[in-house]
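Protein chains: 2
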Amino acid sequence: MPVAAPTLADVAESAGVSRQTVSNAVNNPDLLRPDTLLRVQEAIAELGYVPNRAARNLRTRASHLVGLRLSPVLEGNATAVGDRFVHSLVWTSREAGYHVLLFSGEGHAAIDGYEDLLRSTAVDAFVVTDTYLGNPQATWLRERRAPFVAFGRPWDDPDARHPWVDVDGAAGTEMATRHLLDKGHTRVAWIGWRKDSFIGEDRRSGWSRALHERGLSTTGMASRVEDTVSSGREASAVLLDEARPSAFVCASDTLAMGVLHTLAERGLQPGRDIAVAGFDDSQVAQVVHPGLTSVRQPLEEVAVAVVRSLEDLLATPSYVGEGLLLTPSLTVRPSTG
Amino acid sequence: MPVAAPTLADVAESAGVSRQTVSNAVNNPDLLRPDTLLRVQEAIAELGYVPNRAARNLRTRASHLVGLRLSPVLEGNATAVGDRFVHSLVWTSREAGYHVLLFSGEGHAAIDGYEDLLRSTAVDAFVVTDTYLGNPQATWLRERRAPFVAFGRPWDDPDARHPWVDVDGAAGTEMATRHLLDKGHTRVAWIGWRKDSFIGEDRRSGWSRALHERGLSTTGMASRVEDTVSSGREASAVLLDEARPSAFVCASDTLAMGVLHTLAERGLQPGRDIAVAGFDDSQVAQVVHPGLTSVRQPLEEVAVAVVRSLEDLLATPSYVGEGLLLTPSLTVRPSTG
DNA sequence: ATGAAAGCGCTAACAT
DNA sequence: ATGTTAGCGCTTTCAT
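As given, the protein sequences belong to chains A and B, one line each in that order.
Counting in the numbering used here, the first sequence runs from 1 upward without gaps.
Counting in the numbering used here, the second sequence runs from 1 upward without gaps.
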């Protein structure tokens, strides 16, 4: 049923020109005389010619594909953010003429995945999303001089030369904290991640900065736990008993949900009795009662910046990467009054 | 820095065999004498040879890529399900030697996306996820005789010959309803989608079946609304006033969240005063207080079945598609007592 | 402005 | 069991 797809040669014959002229009509139309161009374009339209990617890829040594490794399904904010980011990336890439190739693999298999795709010329570059300290992938890619753009700062090496885009988490939590201070709160507690998380410490610094700015002390007002609902629940219960905060700022929506659990158990109303702010503006923040105030990462902008870097990187072999830090926004909902 | 990647010819020379023998060593090792195979494999390992995909794709007319269109970001369960499914699909595909290529586009642009990828031989097949009534994509793919597997039944054409995999939504809501009936509830309300949604009507049928089975009436106990939190909130408020249900079964977690809003506003406790069950076992169901009982789709199984169909489809040109209906499970949480 | 020649790296088909 | 030949469809280089 599906007849053999037309090739460059078919179009050339139909239009009465050489194959090369057809190729130019597709890739460098300026080289053709207008009437020739028109004739070729008509032939292309009539035959429904579409260039064969494999042949083009072979010849040009480029696939116009960018690889993105999907981390194993994670609970918490990672999933929510990941999904939104992937959408934005796919959308933005398309406009730049790229498609996104997804692959999987953890630990050693992840490296194998990168290596295989790179060496087999399946992708032109990678987008790397988890650049936590000592991430073997980023290190490997750097050593390999593989073209990649990171969503996330190179926390462990500020001098890293690869292009990256990140969101200023500290600015986000500072924004959330100020919002609460402006509402009259003076006892604002923090629930964040363990100290070995660079991202967690960054977000925490925004909270403490905002408090110090107003001459308020942070002593005894912070807790560092795992990124789970139950950890958030327990931490908030302890803080409520020991520090008597009137508001919580959390490093993630997951932790903020834990706070909401504690409030529900104690018959306290979020937003009226105790204010709560989360981070990521996940689905959960949007649909939970009464609506959770949350810091929102500009993932669409991140995707745009990532793709722009990708284009520079691929256009200029000697491209020296730059870092770009974007500012999040605060989505205010009833949980902060 | 990166020296030219070794080719088949380099390996052949290094091992003292012909290029074809190296090709066979990679693709049909059984054809080689053990000692030759070993020699070639050593040469491959030493040179770090990896076959060039573009060249292989050109020759074999296959890309080992499956295309998946990402629908625009949706609120509600769609996102949650989409993310889990994509993960599963990527994971499963890898084991079958396929990668997933993501693309975007809506309406007319969506068709263009399919057409372009197909004609340019960028992908071998597609996975289609939104097979709602009159979906122009599925129709187009069918007419085009493009290889694809659908996640979702061909509701508008039961005789459709393409392979599909779907989850038995009616079985899921029936399970949820029975669970509530077993708990002693006799007044179980339904909040679902508008009547033009096949999926919505299917899910609704499971609820009514379970009630009728126990000789209970469904009259006045159902509401059909948009899939939003506020719709669920309003519908549940009306039902509570007019039908006095002691439990709700919802077509989505989004609607169930709306019910939770109403309960919170009235000072009613989910699970103690009123039972609530949702659908999709989304992140929201997991983290909301006190935990939302929800029907969980076996997306990992769906992905496995989809990939299996894909393999059959691509191995057998004349493959006649089959449908496969999988059964969901019920994740019980405190919202149902 | 257009065409001819060459070859990217691989594998199917056919020899030996 | 291994080698030889041919060519997938395209673009780069060079000639006209």
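All residues carry an ideal CB built from backbone N, CA and C; glycine is no exception.
Taking only beta-carbon positions, decide if A/T254 is within less than 8 Å of chain B.
On the first sequence, position 254 is the one that residue 254 of chain A refers to. Yes - at least one Cβ of chain B is within 8 Å of the one on A/T254.
Tell me whether the beta-carbon of B/A275 lies closer than 8 Å to the beta-carbon of B/L141.
As a first step, residue 275 of chain B must be located in the second sequence, where it is residue number 275. As a first step, residue 141 of chain B must be located in the second sequence, where it is residue number 141. No, they are not a contact pair.
Is the shortest distance between the beta-carbon of B/T121 and the beta-carbons of chain A less than 8 Å?
As a first step, residue 121 of chain B must be located in the second sequence, where it is residue number 121. So yes, B/T121 belongs to the interface.
Three-state secondary structure assigned by DSSP to B/P270:
Translated into the one-based positions of the second sequence, residue 270 of chain B becomes position 270. In the structure shown, the three-state DSSP call for B/P270 is strand.
Is the beta carbon of B/L310 less than 8 Å from the beta carbon of B/V149?
In the second sequence, counting from the first residue as 1, residue 310 of chain B sits at position 310. In the second sequence, counting from the first residue as 1, residue 149 of chain B sits at position 149. Taking 8 Å as the cut-off, the Cβ atoms of B/L310 and B/V149 count as close.
Report yes if the C-beta distance between B/V127 and B/Q137 is below 8 Å; otherwise report no.
On the second sequence, position 127 is the one that residue 127 of chain B refers to. On the second sequence, position 137 is the one that residue 137 of chain B refers to. Remark: C-beta atoms of B/V127 and B/Q137 do not approach each other more closely than 8 Å.
Nonlocal neighbours in the same chain, by C-beta distance under 7 Å from A/N24, ignoring five residues either side:
Residue numbering aside, residue 24 of chain A sits at position 24 when the first sequence is read from its first letter. So the list reads L31, L32, once near-sequence residues are dropped.
Just to make sure I have the definition right: I need the residues of chain B whose C-beta is within less than 9 Å of the C-beta of A/D156. Which are they?
The sequence position of residue 156 of chain A within the first sequence is 156, counting from 1. Counting only Cβ-Cβ distances below 9 Å, A/D156 has no contacts in chain B at all, with the closest Cβ about 23 Å away.
On the premise that B/P51 lies in contact with B/V11, defined as a C-beta separation below 8 Å, what is that separation, rounded to the nearest angstrom?
For this step, residue 11 of chain B is matched to residue 11 along the second sequence. For this step, residue 51 of chain B is matched to residue 51 along the second sequence. Not really, about 10 Å apart at Cβ, beyond 8 Å.
Kindly say whether B/M257, judged by its beta-carbon, lies nearer than 8 Å to any beta-carbon of chain A.
Residue mapping note: residue 257 of chain B aligns to position 257 of the second sequence, counting from 1. So, interface residue.
If we ignore side chains and look at the alpha-carbon of each, how far apart do B/A122 and A/D130 end up?
Position 122 of the second sequence, counted from the first residue, corresponds to residue 122 of chain B. Position 130 of the first sequence, counted from the first residue, corresponds to residue 130 of chain A. Roughly 28 Å separates the two Cα atoms.
Could you check the C-alpha separation between A/R39 and B/I111 for me, to the nearest Å?
In the first sequence, the residue the question calls residue 39 of chain A occupies position 39. In the second sequence, the residue the question calls residue 111 of chain B occupies position 111. Cα to Cα, A/R39 sits roughly 26 Å from B/I111.
Report the residues of the segment 276-293 of chain B with a CB closer than 8 Å to any CB of chain A, ordered along the chain.
So the list reads S282, Q283, V284, Q286, V287, V288, H289, P290, given in the order they occur along the chain.
Does A/R203 pass the burial test, meaning 16 or more other C-beta atoms within 10 Å, or should it be called exposed?
Within the first sequence, residue 203 of chain A is the residue found at index 203, counting from 1. Buried, because 16 or more other Cβ atoms sit within 10 Å of the Cβ of A/R203.
Using a Cβ-Cβ cut-off of less than 9 Å, list which residues of the segment 82-94 of chain B approach chain A; keep chain order.
Against chain A - using a Cβ distance shorter than 9 Å - the residues of the segment 82-94 of chain B are G82, D83, R84, V86, H87, S88, L89, V90, W91, S93, R94.
Do B/G206 and B/E174 come within 8 Å of each other at the CB atom, strictly closer than that value?
Position 174 of the second sequence, counting from 1, holds the residue named residue 174 of chain B. Position 206 of the second sequence, counting from 1, holds the residue named residue 206 of chain B. Contact: yes.
C-alpha distance - B/A264 paired with A/R187, whole-angstrom precision
Translated into the one-based positions of the second sequence, residue 264 of chain B becomes position 264. Translated into the one-based positions of the first sequence, residue 187 of chain A becomes position 187. For B/A264 and A/R187, the gap between their C-alpha atoms comes out near 26 Å.
B/R204 by DSSP, collapsed to three states: which one?
Translated into the one-based positions of the second sequence, residue 204 of chain B becomes position 204. Three-state result, B/R204: helix.
I'd like to check one pair, A/L255 with A/I191: are the Cβ atoms closer than 8 Å?
For the purposes of this step, residue 191 of chain A is identified with residue 191 of the first sequence, where counting begins at 1. For the purposes of this step, residue 255 of chain A is identified with residue 255 of the first sequence, where counting begins at 1. When the beta-carbon positions are compared, A/I191 and A/L255 come within less than 8 Å of each other.
So what does B/D166 bridge to, in DSSP terms?
Stepping through the second sequence from its first residue, residue 166 of chain B is reached at position 166. Here B/D166 is bridged, per DSSP, to B/L325.
Is A/R385 buried or exposed, if buried means 16 or more other CB atoms sit within 10 Å of its CB?
Outside the displayed span of chain A (1 to 337) sits residue 385 of chain A, for which this structure offers no information.
Integer-rounded CB distance, given that A/D253 should sit under 8 Å from A/D280
Walking along the first sequence from the start, residue 280 of chain A turns up at place 280. Walking along the first sequence from the start, residue 253 of chain A turns up at place 253. Contact holds; Cβ gap of about 5 Å.
Which runs of the beta strand (DSSP E) spanning at least 3 residues fall entirely within the segment 135-183 of chain A, listed in chain order?
If we require 3 residues or more, the beta strand (DSSP E) runs fully inside the segment 135-183 of chain A come out as 148-151, 164-167.
Any beta carbon of chain B sitting closer than 8 Å to that of A/R308?
For the purposes of this step, residue 308 of chain A is taken as residue 308 along the first sequence, with counting starting at 1. No - not a single Cβ of chain B is within 8 Å of the one on A/R308.
To which residues does DSSP link A/G16 through a beta bridge?
Position 16 of the first sequence holds residue 16 of chain A. Paired residues: none, contrary to the question.
Opening and closing residue of the alpha helix (DSSP H) in which B/R39 lies
The residue you call residue 39 of chain B lines up with position 39 of the second sequence. Run containing B/R39: 34-47, per the alpha helix (DSSP H) assignment.
On the DSSP bridge assignment, give the partners of A/R296 in chain order.
Translated into the one-based positions of the first sequence, residue 296 of chain A becomes position 296. Its beta-bridge partners are A/S329.
Which of the three DSSP states is assigned to A/R56 in this structure?
If you number the first sequence from 1, residue 56 of chain A lands on position 56. In the structure shown, A/R56 sits in a helix (DSSP, three-state: H, G or I).
Restricting to Cα atoms, I'd like to know which of B/L47, B/A15, B/G48, B/L58 is closest to B/L37.
By 1-based counting over the second sequence, the position of residue 37 of chain B is 37. Among B/L47, B/A15, B/G48, B/L58, the Cα nearest to that of B/L37 is on B/A15.
In the structure shown, what three-state DSSP assignment does B/H99 receive?
Stepping through the second sequence from its first residue, residue 99 of chain B is reached at position 99. Three-state DSSP puts B/H99 in a strand.
Helix, strand or coil for B/R233 per DSSP?
For the purposes of this step, residue 233 of chain B is taken as residue 233 along the second sequence, with counting starting at 1. DSSP, read as helix, strand or coil, puts B/R233 in helix.
When you compare the CB of B/L239 with every CB in chain A, is at least one pair closer than 8 Å?
As a position in the second sequence, residue 239 of chain B is number 239, starting the count at 1. Taking Cβ atoms only, chain A never reaches closer than 8 Å to B/L239, which makes this a no.
Buried or exposed by the 16-neighbour rule on C-beta atoms within 10 Å, applied to B/H108
As a working note, residue 108 of chain B is residue 108 in the second sequence. Under the 10 Å beta carbon count, B/H108 is surrounded by fewer than 16 other beta carbons and is classified as exposed.
Please decide whether B/P51 counts as near chain A, where near means a Cβ-Cβ distance under 8 Å.
In the second sequence, residue 51 of chain B corresponds to position 51, counting from 1. Answer yes: the Cβ-Cβ gap between B/P51 and chain A drops below 8 Å somewhere.
Mapping the DSSP letters down to three states, classify A/V22 as helix, strand or coil.
In the first sequence, residue 22 of chain A corresponds to position 22, counting from 1. Reduced to three states, the DSSP call for A/V22 is helix.
Nearest candidate by alpha-carbon position, reference A/V17, set A/A43, A/D156, A/T262:
Here residue 17 of chain A corresponds to residue number 17 of the first sequence, with the count starting at 1. Each of A/A43, A/D156, A/T262 was checked against the Cα of A/V17, and the nearest Cα belongs to A/A43.
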